[in-house]
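*Asks:* Numbering (mature numbering (1 follows the signal peptide of the UniProt record, and there is no 0)), first residue to last: -27 to -1, 1 to 285.
Mind looking over this structure? Questions follow.
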Amino acid sequence: MAMTVGRRSALALLAGLPLLAAGPARARPALGVGVDPGRVPVRYTMTAFRADSDTTLAVYESFDGTTFSVVNEDAYTPPTGLVRDPSVLRHTDGRYYLTYTIAGDARAIGLARSTDRITWTPMAPVPMLVPGRLDGAWAPEWYTDAAGRVGIVVSLTGGYGFAPHLLIPLDESLSLWSPPVPLLGLGPAAPGSLGQIDTTLVRRDGRVYAFVKNEDTKLIELAVADHPLGPYRFLATGDWAGWGGPREGQSVVPLPGGGHRIYLDAYTEGRYLYSDSTDGFRTWTPPAELPGLSGRVRHGTVLPEYEPLAAR
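Spelled out as structure tokens, the structure:
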């Protein structure tokens, strides 16, 4: 699927587009946007769609990443379509932004915003500006670079499997977006392959790690690159971490005491799991059910937050 924006243009946008960070945060991103290895999360916000309704957004919060309490389990129902695979961002303007899958065959992704995580206002959908055939845009996920600039990773299919792409905002309000640019090294590896979906990018030690769901095996795999656009090379495939499968909706966050946690949707079992790593993603603890939320939520994203927190 050829894109109308080349990799060179996309790299230039990521490297220097001043509108990617809002207002006075252009020179120094506001605390709370992105993952700063020198800071400790003070709160986690989870957005998910409810297990009993893929048109209803549920929002939860936690101060340790394990025990979550309800912010609002009826936070948002979009004007039309679904609110599957919701991913949440706290942007440099202090607002929370949500992106989500609106339909299985959609040619756009949904957006909404909030100041308090309790009530949400719909924004205009983001169209996937690609030529030719497009049969679906799934599982959009926010990505934030070290400077606080943001993008959305979304899995697109043109009838031959899914491939992750990156969208770049072209204005401060996150209402105007570039065409999607493919992430090199990810996507269908051979004819007949279903590719990868649910890609989440995690920055660590100056590199970008991609946790992807292999749609052929239904397992979560790990790739790495020096830039969000790639090229990516796989570090671990198959059931390398012992999470089992099928699994999807992976979300990875830093923990207050060090290390990282991954959240996983065991969607065929009606369970929601988590697993921890303290050695740079090499080994992981056996997956355990997330207390209070396992069986209640589907495909969520967990956002680590830092001071200052938005008012409630």
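Think of the CB as a built atom: it goes at the ideal place given N, C-alpha and C, for glycine as much as any other residue.
Please say whether residue 177 and residue 121 have beta carbons closer to each other than 8 Å?
*Replies:* Walking along the sequence shown from the start, residue 121 turns up at place 148. Walking along the sequence shown from the start, residue 177 turns up at place 204. Not closer than 8 Å, so no.
*Asks:* Do the CB positions of residue 40 and residue 265 come within less than 8 Å of each other?
*Replies:* Position 67 of the sequence shown holds residue 40. Position 292 of the sequence shown holds residue 265. Yes. Within cutoff.
*Asks:* Which two residues bound the contiguous beta strand (DSSP E) that contains residue 237?
*Replies:* Residue numbering aside, residue 237 sits at position 264 when the sequence shown is read from its first letter. Note, residue 237: beta strand (DSSP E), 233 to 239.
*Asks:* For residue 18, tell me which candidate among 102, 42 and 148 has the shortest Cα-Cα distance.
*Replies:* Here residue 18 corresponds to residue number 45 of the sequence shown, with the count starting at 1. The shortest Cα separation from residue 18 among 102, 42 and 148 belongs to 42.
*Asks:* In whole angstroms, give me the CA-to-CA distance for residue 89 and residue 278.
*Replies:* Here residue 89 refers to the residue found at position 116 of the sequence shown. Here residue 278 refers to the residue found at position 305 of the sequence shown. Going by the C-alpha atoms only, they are around 13 Å apart.
*Asks:* Nearest to residue 131 by alpha carbon, out of 147, 151 and 105?
*Replies:* Looking up residue 131 in the sequence shown gives position 158. Residue 131 has its Cα closest to that of 105, out of 147, 151 and 105.
*Asks:* Comparing C-alpha positions only, which one of 123, 12 and 103 sits nearest to residue 60?
*Replies:* One-based indexing of the sequence shown puts residue 60 at position 87. Considering only alpha carbons, the answer is 123.
*Asks:* Using only CA atoms, which one of 145, 170 and 143 lies nearest to residue 191?
*Replies:* As a position in the sequence shown, residue 191 is number 218, starting the count at 1. It is 170.
*Asks:* For residue 181, I'd like the list of residues in its chain whose CB is within less than 6 Å of its CB, leaving aside the five on either flank, ordered along the chain.
*Replies:* On the sequence shown, position 208 is the one that residue 181 refers to. Hits under 6 Å: 174, 198 and 201.
*Asks:* Suppose only complete runs of 4+ residues qualify. What are the alpha helix (DSSP H) ranges in the region 97 to 147, listed by chain order?
*Replies:* Here no run is fully enclosed.
*Asks:* Which of the three DSSP states is assigned to residue 207 in this structure?
*Replies:* Numbered from 1 along the sequence shown, position 234 holds the residue referred to as residue 207. Residue 207 falls in the strand class under three-state DSSP.
*Asks:* How far does the beta strand (DSSP E) with residue 264 in it extend, from its first residue to its last?
*Replies:* Residue numbering aside, residue 264 sits at position 291 when the sequence shown is read from its first letter. Element bounds for residue 264: n/a, residue is neither H nor E.
*Asks:* Just verifying my parser: in three-state terms, what is the DSSP assignment at residue 272?
*Replies:* Translated into the one-based positions of the sequence shown, residue 272 becomes position 299. If DSSP states are grouped into helix, strand and coil, residue 272 belongs with the strands.
*Asks:* Among the residues of its own chain, which have a CB less than 6 Å from the CB of residue 272, if the five just before and after it don't count?
*Replies:* Mapped onto the sequence shown, residue 272 falls at position 299. Correct list, in chain order: 58, 222 and 238.
*Asks:* Rounded to whole angstroms, what is the Cα-Cα separation between residue 193 and residue 185?
*Replies:* Counting from 1 along the sequence shown, the entry for residue 193 is found at position 220. Counting from 1 along the sequence shown, the entry for residue 185 is found at position 212. Whole-angstrom Cα-Cα distance: 6 Å.
*Asks:* Any idea if residue 91 is buried or exposed, counting beta-carbon neighbours within 10 angstroms, 16 or more meaning buried?
*Replies:* Counted from its first residue, the sequence shown places residue 91 at position 118. That one is exposed.
*Asks:* Okay, do the region 28 to 36 and the region 244 to 258 touch, 3+ Cβ pairs below 8 Å being the bar?
*Replies:* The region 28 to 36 vs the region 244 to 258: no contact.
*Asks:* Would you call the CB atoms of residue 263 and residue 236 closer than 8 Å?
*Replies:* If you number the sequence shown from 1, residue 263 lands on position 290. If you number the sequence shown from 1, residue 236 lands on position 263. Against a cut-off of 8 Å, the Cβ pair of residue 236 and residue 263 comes out as a contact.
*Asks:* So, helix, strand or coil for residue 279, using DSSP?
*Replies:* Position 306 of the sequence shown, counted from the start, is the residue given in the question as residue 279. Note: residue 279 maps to coil in three-state DSSP.
*Asks:* Could you work out which residue in 260, 183 and 129 is closest to residue 220 when comparing CA atoms only?
*Replies:* Residue numbering aside, residue 220 sits at position 247 when the sequence shown is read from its first letter. It is 260.
*Asks:* Nearest-angstrom Cα distance between residue 74 and residue 224?
*Replies:* As a position in the sequence shown, residue 74 is number 101, starting the count at 1. As a position in the sequence shown, residue 224 is number 251, starting the count at 1. Between residue 74 and residue 224, the C-alpha separation is close to 16 Å.
*Asks:* Quickly, what does DSSP pair residue 249 with across the bridge? List them, please.
*Replies:* For this step, residue 249 is matched to residue 276 along the sequence shown. Beta-bridge pairing links residue 249 to 234.
*Asks:* Determine which residues share a DSSP beta bridge with residue 42 and list them.
*Replies:* Along the sequence shown, read from residue 1 onward, the residue named residue 42 stands at position 69. For residue 42, which the question treats as bridged, DSSP gives the partners 34.
*Asks:* Using C-beta distances below 8 Å, list every residue in its chain close to residue 149, excluding the 5 sequence neighbours before and after it, in chain order.
*Replies:* As a position in the sequence shown, residue 149 is number 176, starting the count at 1. Result list for residue 149: 142 and 143, in chain order.
*Asks:* Can you tell me whether residue 171 is helix, strand or coil according to DSSP?
*Replies:* Position 198 of the sequence shown holds residue 171. DSSP places residue 171 in strand when its eight states are reduced to three.
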